[in-house]
Amino acid sequence: MGIGYWIIIIGIGLISMLVSQRLKSKFKHYSKVHLRNGMSGAEIARKMLEDNGINDVKVISTPGMLTDHYNPQKKTVNLSEAVYSQRNAAAAAVAAHECGHAVQHAKGYEWLQMRSKLVPVVSVASSMSVWVIFGGLVLGASTGLGYTVAVIGLIMFALGTLFSFITLPVEYDASNRALVWLKNRNMVSQQEYDAAEDSLKWAARTYVVAAIGSLATLLYWAMAVFGGRE
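And the structure:
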């Protein structure tokens, strides 16, 4: 692997770490902005699901920090311990965001459906793609077999990159649904709304960094493979 690859990986890793640290800092800061309505993250989630006519999704607690997610197969909104039981702006933002995914699922949101179809393929391809590309380069990208193997690896990696970019509208839409609901249902004050909006903005940036990083890495490997044909 060339030095260019490691520069990309280290650079993306540093940016990702900085954004992640900023997100944790924002979450900690807005965890001190207590909700005037006194509702916990779990209660916020159940209320949003109810208001959207969703009765077949359970809200459960899951271990860890910022491990919140929606599981469309099990139909569960999984909230981290800090979100599930806390009664602050950060918890409200995250809980409503995850319910935003449940609303997407219930309404057949196209980008979520597309993303869900890619999950089983990407879960396998993403873990193997770099090694397949590297294997092709070792065999020799200028030769028939090596080139074919490397291109297969590129296609596998490209699926992961596509998945990263499809994730962006899914995440931003879920945040928009959450913020609209919080505001229209008068669930938060203006200060609490601003805190929730800022929390979700930084959460979304982690996905943006991941997508850009995946694209940059894909372009690097593409140049390595196709450059070897010259």
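For the sequence shown, the working numbering gives the first residue as 1, with consecutive numbering after it. Glycine residues also receive a C-beta, built at the ideal position from the N, C-alpha and C atoms. As the structure is a prediction and not an experimental result, all values here were calculated from the model.
Secondary structure note for Lys183: its alpha helix (DSSP H) is the uninterrupted segment 144 to 184.
Here Tyr70 is near Glu98, since their CB atoms are less than 7 Å apart. With fewer than 16 neighbouring CB atoms inside 10 Å of its own CB, Glu50 falls in the exposed class.
Secondary structure of Ser199 (DSSP, three-state): helix. By the criterion of a C-beta distance shorter than 6 Å, Val170 is surrounded in its chain by Trp111, Leu112, Arg115, once the five residues flanking it on both sides are discounted. Out of Thr206, Leu168, Tyr220, Phe226, the CA that lies nearest to the CA of Ser16 is found in Thr206. For Ile54, no beta strand (DSSP E) run applies, since DSSP gives it neither H nor E.
Scanning its chain for C-beta atoms nearer than 6 Å, with the 5 sequence neighbours on each side dropped, one finds around Lys58 the residues Thr76, in chain order. Between the region 129 to 143 and the region 7 to 24, the count of Cβ pairs shorter than 8 Å is below three; the stretches do not touch. For Leu139, no beta strand (DSSP E) encloses it; the enclosing alpha helix (DSSP H) starts and ends at 110 to 139. Contact holds between the region 23 to 41 and the region 78 to 97, because three or more Cβ pairs, one in each stretch, are under 8 Å apart. In the DSSP assignment, Ile60 forms a beta bridge with Asn78.
Pairing Val103 with Arg177 gives a Cβ-Cβ distance under 7 Å. Contact between the region 125 to 133 and the region 149 to 157 is present, with at least three C-beta pairs closer than 8 Å. Under DSSP, Tyr70 forms a beta bridge with Val77.
For Trp202 and Leu23, the gap between their C-alpha atoms comes out near 5 Å. Within 10 angstroms of the beta-carbon of Ile44 lie 16 or more other beta-carbons, which makes it buried. Of the candidates Val209, Ala106, Ala222, Ser126, the residue whose Cα lies closest to the Cα of Ala174 is Ala106.
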